[in-house]
Every structure is written in structure tokens, then in C-alpha cells.
Amino acid sequence: MSDRKLRKERVGVVSSISMDKSIMVAVERRVKHPRYEKFVKTTSKFMAHDEKNICNVGDTVSIMETRPMSKRKCWRLVEILEKAK
């Protein structure tokens, strides 16, 4: 089995493009509260590598886990699913 299949993938919205060849992606997920059993939205922010600087704020993107590229950056851009309006 290929090692690439085991890598995690996430879908999120680009929240920042202020760095060169890097984007900040906000990934939202729903978690059930253990006591009240209500679904709560939580947001995680991942720094991802964007080699060609093609993303804009508000784009919906797919990112994949990769080797560490810096202290905080261990994800890379796979594709832009939907451009911002």
C-alpha cells in the first residue's frame, strides 16, 4: 500500500495569505459535547504550503499532511475547490 494514501486530508477556508508561499487554513468540525450532547463547532487553523501563491482569502481548499517544512508548517495545498466571490 502506498504511503501517500495514509496522509490526512482536510478541507477548509483560507483565512490569511500574508506570508510568502504560505497560507493559513481554518478547518471547522462538529464535536459532540460530552455532558450536554449538543454539537459544537470548533475551528482549527493549519499553516499550509502554497508553492505558486495562487490562493486568496475566502477560497475553499483541500490540504494534505506532508513533511515538516518549518516549525509550524506541515501541510500542503492539494487543490482549490471553490474560489472566493
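When the letters of the sequence shown are read in order and numbered with my numbering, they come out as residues 23 to 107.
Heads up, the beta-carbon is just placed ideally off N, CA and C, and yes, glycines get one too.
Comparing C-alpha distances from E101 to each of M41, L28, V47 shows the shortest one belongs to V47.
Classified as exposed, A106 has fewer than 16 neighbouring CB atoms from the shown chains inside 10 Å of its CB. Judged by DSSP secondary structure, A106 falls outside any beta strand (DSSP E); it is assigned neither H nor E. The alpha carbon of K43 has as its nearest neighbour, out of V83, I76, L103, the alpha carbon of I76.
With respect to the 9 angstroms criterion, V35 and T64 are not classified as neighbours on the basis of their beta carbons.
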